[in-house]
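Chemist:
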Amino acid sequence: MATYQPKPEDKFTFGLWTVGNRGRDPFGCEIREAKTPAEIVYMLGEVGAYGVNFHDNDLIPIDATSGETEAIKGEFRKALKDTGLVVPMATTNLFYDPIFKDGAFTSNDPKVRAYALQKTMKAIDLGVEFGTGIFVLWGGREGTETDASKNPVDAIKRNREAINFLCDYALEKKYDLKFALEAKPNEPRGDIYNPTTGHMLAFIATLDHPEMVGVNPEVAHEHMAGINFMHSVAQAWEAGKLFHIDLNDQYPGRYDQDLRFGSRDLKAAFFLVKFLEDVGYAGSRHFDAHAYRTEDYDGVKDFARGCIRTYLMLKDKAKQWNADKEIQSLVSEINADDGAMNLFLGKYSAAKAAALKAQPFDRAAIASRGLKYERLDQLTIDLLLGSR
Ligand code: GLT
Ligand code: MN
Ligand code: MN
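In this text, residue positions in the sequence shown follow the UniProt record's numbering: the first is 1, and each later residue adds one.
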């Protein structure tokens, strides 16, 4: 019987803000007591995580004195050493403080834009100090409630200018660092710019250093937009841009739920895990989720262990799917190719185009073939429900 124990090479990570989430929501106050960053690291060590990620202000409060800062860093560093956890990703909070009420990099106020850059440079320094190689940028406030307030073209240009500035900063400092942009369609703003991973990919191509910038797609965010998450991840992967990933779950059409990974759409989670494992994605499996508001810290550990366990069970199921003779024979049948069309397909040539234009096709005969996708999908369901 498999035990589904996580190993460091599985690269399961959590943000300080995920297991440290205290259960506050727009209608109710915190229900779990605060934990220090070091305490959270010990908790993550207990559940078997490989790494911990942080926003600048998850670690160091925005108004901390230099004495307080050094004390927190010291405790955090000791917790990392004691547990063996690493910090693969860091980010900056450009959404909580009132100064960011109308955005950070895209704010109409140049003072806010300048402060956002200053804060991000310092957060990069902090991340690098703890060994991070990936810096995530999630612009939760980069949007509008009314389009009377901002010109979206200005917002795109300001955002580009800021990210170009930060890439040059990292280069000048000789940091071994890449940026990962995280999209979300709305919440906390009415609408957020670059609302999906696809928008981010198009935007990245316009930057001065596109090779330094990739994406950090999040299950919940694409599901909020009604998008097939695995397809977004596949597009990012194919473009060489899958630098990081935020795993959680979400019912479409609702507020940002950040549910335990695989707890809502198991089948989507299965195909996602299968994709990541099949292509050999080597980055962090970061769970950007939090426990239900009903839980105490034992429940938070149940939540964290649940994310890991579900991932490992689905990884096992993916292996089983790849080895299942009946499933694989259907897959080969679907992809059968006798080579007869090689003459016409592939790279364009004038001769090929002329030959193709003259080729007759029996549309009705081709279309009459049943594709057996119903059977294939039911076999997948049988496998997922343990009947195979
Ligand atoms: C925030 C957001 C997440 C982002 C984090 C990084 S913060 O919790 O909901 O999706 O990944 O800034
Ligand atoms: Mn996220
Ligand atoms: Mn989220």
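Glycine included, each C-beta is placed from N, C-alpha and C at the ideal position.
Any idea what DSSP makes of V41, helix, strand or coil?
Modeler: Taking the sequence shown and counting its residues from 1, one reaches residue 41 at position 41. The answer is helix: DSSP assigns V41 an H, G or I state.
Chemist: Count the other CB atoms within 10 Å of the CB of Y96; is the residue buried (16 or more) or exposed (fewer)?
Modeler: As a first step, residue 96 is located in the sequence shown; it is residue number 96 there, counting from the start. Y96 should be labelled exposed.
Chemist: Contact between the segment 212 to 228 and the segment 252 to 259 is defined here as three or more beta-carbon pairs at a separation below 8 Å; is this criterion met?
Modeler: Yes: at least three Cβ pairs fall under 8 Å.
Chemist: Say the cut is 7 Å; is the CB of A220 nearer than that to a heavy atom of ligand 3?
Modeler: Taking the first residue of the sequence shown as 1, we reach residue 220 at position 220. Because some heavy atom of ligand 3 lies under 7 Å away, the Cβ of A220 counts as near it: yes.
Chemist: Please list the terminal residues of the continuous beta strand (DSSP E) segment that includes K173.
Modeler: Locating residue 173 in the sequence shown gives position 173, where the first residue counts as 1. Run containing K173: none; DSSP gives neither H nor E here.
Chemist: With DSSP as the reference, label F270 as helix, strand or coil.
Modeler: As a first step, residue 270 is located in the sequence shown; it is residue number 270 there, counting from the start. Helix.
Chemist: Can E9 be considered in contact with ligand 1, in the sense that its beta carbon sits closer than 7 Å to one or more heavy atoms?
Modeler: Residue 9 sits at position 9 when you count from the first residue of the sequence shown. The answer is no for E9.
Chemist: So, D249 versus L259, is the Cβ gap smaller than 8 Å?
Modeler: As a working note, residue 249 is residue 249 in the sequence shown. As a working note, residue 259 is residue 259 in the sequence shown. Yes, these two residues count as a Cβ contact at 8 Å.
Chemist: Please classify S149 as buried or exposed, where buried requires at least 16 other C-beta atoms within 10 Å of its C-beta.
Modeler: Working through the sequence shown from its first residue, we reach residue 149 at position 149. Exposed, because fewer than 16 other Cβ atoms sit within 10 Å of the Cβ of S149.
Chemist: If I follow the unbroken beta strand (DSSP E) through H290, where does it start and stop?
Modeler: Against the sequence shown, residue 290 aligns to sequence position 290. H290 -> no beta strand (DSSP E), and no H or E assigned at all.
Chemist: What does DSSP give as the partner residue(s) for T13 in the beta ladder?
Modeler: Position 13 of the sequence shown holds residue 13. Paired residue(s): G51, H286.
Chemist: Does S332 pass the burial test, meaning 16 or more other C-beta atoms within 10 Å, or should it be called exposed?
Modeler: Numbered from its first residue, the sequence shown carries residue 332 at position 332. Under this definition S332 is an exposed residue.
Chemist: Can you tell me which residues form a DSSP beta bridge with F179?
Modeler: Indexing the sequence shown from 1 puts residue 179 at position 179. F179 is bridged to F135, V213.
Chemist: Let me check one thing: in DSSP terms, what residues is M230 bridge-paired to?
Modeler: Locating residue 230 in the sequence shown gives position 230, counting from the first residue. According to DSSP, which records beta bridges pairwise, M230 is partnered with nothing at all.
Chemist: Measuring only the C-alpha atoms, how far is W138 from W321?
Modeler: By one-based count along the sequence shown, residue 138 stands at place 138. By one-based count along the sequence shown, residue 321 stands at place 321. So the alpha carbons of these two residues sit roughly 35 Å apart.
Chemist: Reducing DSSP to helix, strand and coil, say where V19 ends up.
Modeler: For the purposes of this step, residue 19 is identified with residue 19 of the sequence shown, where counting begins at 1. Reduced to three states, the DSSP call for V19 is helix.
Chemist: Are the CB atoms of V213 and L181 within a distance shorter than 8 Å?
Modeler: Residue 181 sits at position 181 when you count from the first residue of the sequence shown. Residue 213 sits at position 213 when you count from the first residue of the sequence shown. Contact flag set, yes.
Chemist: Thinking C-beta only, is G51 closer than 8 Å to T13?
Modeler: Residue mapping note: residue 13 aligns to position 13 of the sequence shown, counting from 1. Residue mapping note: residue 51 aligns to position 51 of the sequence shown, counting from 1. Contact flag set, yes.
Chemist: Specify, as a first and last residue, the run of the alpha helix (DSSP H) that T197 falls within.
Modeler: Counting from one through the sequence shown, the residue named residue 197 turns up at place 197. Element bounds for T197: 197 to 204.
Chemist: Between which two residues does the alpha helix (DSSP H) holding T91 run?
Modeler: On the sequence shown, residue 91 is found 91 positions in, with the first residue counted as 1. From DSSP, T91 is part of no alpha helix (DSSP H) but of the beta strand (DSSP E) over 89 to 91.
Chemist: If you compare alpha carbons, which of L312, S387, K122 is closest to T91?
Modeler: For this step, residue 91 is matched to residue 91 along the sequence shown. Ranking L312, S387, K122 by Cα distance to T91 puts K122 first.
Chemist: Tell me whether G299 sits in a helix, a strand or coil according to DSSP, three-state version.
Modeler: Within the sequence shown, residue 299 is the residue found at index 299, counting from 1. G299 falls in the helix class under three-state DSSP.
Chemist: Between the beta-carbon of T197 and the beta-carbon of A183, is there less than 8 Å?
Modeler: Indexing the sequence shown from 1 puts residue 197 at position 197. Indexing the sequence shown from 1 puts residue 183 at position 183. Their beta carbons are under 8 Å apart, which means T197 touches A183 by this criterion.
Chemist: Using DSSP bridges, identify the partner residues of I192.
Modeler: Here residue 192 corresponds to residue number 192 of the sequence shown, with the count starting at 1. Answer is G143.
Chemist: Enumerate in chain order the residues of its own chain whose CB-to-CB distance from M230 is below 6 Å, with the five nearest sequence positions on each side excluded.
Modeler: By 1-based counting over the sequence shown, the position of residue 230 is 230. Result list for M230: F271, L272, F275, in chain order.
Chemist: How close, in whole Å, do the beta carbons of R189 and R158 come, if the pair is a contact with beta carbons under 8 Å?
Modeler: Here residue 189 refers to the residue found at position 189 when the sequence shown is read from its first residue. Here residue 158 refers to the residue found at position 158 when the sequence shown is read from its first residue. About 15 Å; that fails the 8 Å criterion.
Chemist: Would you kindly work out how many angstroms separate the C-alpha atoms of T206 and E161, rounded to a whole number?
Modeler: Against the sequence shown, residue 206 aligns to sequence position 206. Against the sequence shown, residue 161 aligns to sequence position 161. Looking at the two C-alpha atoms, the distance is approximately 11 Å.
Chemist: Consult DSSP for D337 and reduce its assignment to one of helix, strand or coil.
Modeler: Your numbering for residue 337 matches position 337 in the sequence shown. Coil, per DSSP.
Chemist: In three-state terms, what does DSSP make of A25?
Modeler: Start at 1 with the first residue of the sequence shown, and residue 25 comes out as number 25. In the sequence under discussion, the amino acid at residue 25 is Asp, which differs from the Ala named in the question. Three-state result, D25: strand.
Chemist: Count the other CB atoms, across all protein chains shown, that sit within 10 Å of the CB of V279; report buried if there are 16 or more and exposed otherwise.
Modeler: Along the sequence shown, read from residue 1 onward, the residue named residue 279 stands at position 279. Exposed, since its Cβ has fewer than 16 Cβ neighbours within 10 Å.
Chemist: Considering only heavy atoms of ligand 4, does any lie closer than 7 Å to the CB of D154?
Modeler: Ligand 4 is absent from the structure shown, which contains only ligand 1, ligand 2 and ligand 3.
Chemist: By Cβ distance, which residues of its chain are closer than 8 Å to C167, with the 5 residues on each side in sequence left out?
Modeler: Residue 167 sits at position 167 when you count from the first residue of the sequence shown. If we look at C167 and ignore the five residues flanking it on each side, its Cβ neighbours are F179, L207, D208, H209, M212, V213.
Chemist: Quick one: is E218 buried, meaning 16 or more other Cβ sit within 10 Å of its Cβ, or exposed?
Modeler: Within the sequence shown, the letter at position 218 stands for residue 218. Classification of E218: buried, given that the 10 Å Cβ count is 16 or more.
Chemist: Kindly give me the distance between the Cβ atoms of N57 and H290, rounded to whole angstroms, as I take these residues to be in contact under 8 Å.
Modeler: Here residue 57 is taken as the residue at index 57 of the sequence shown, counted from 1. Here residue 290 is taken as the residue at index 290 of the sequence shown, counted from 1. In fact, because the Cβ distance is near 17 Å, the residues do not count as touching under 8 Å.
Chemist: From the DSSP output, which residues share a beta bridge with L247?
Modeler: Translated into positions along the sequence shown, residue 247 becomes position 247. Looking at the DSSP assignment, L247 forms a beta bridge with F287.
Chemist: For P195, which residues of its own chain have a beta-carbon under 8 Å away from its beta-carbon, when the five flanking residues on both sides are left out?
Modeler: In the sequence shown, counting from the first residue as 1, residue 195 sits at position 195. So the qualifying residues of the chain are A183, K184, P185, N186, A225.
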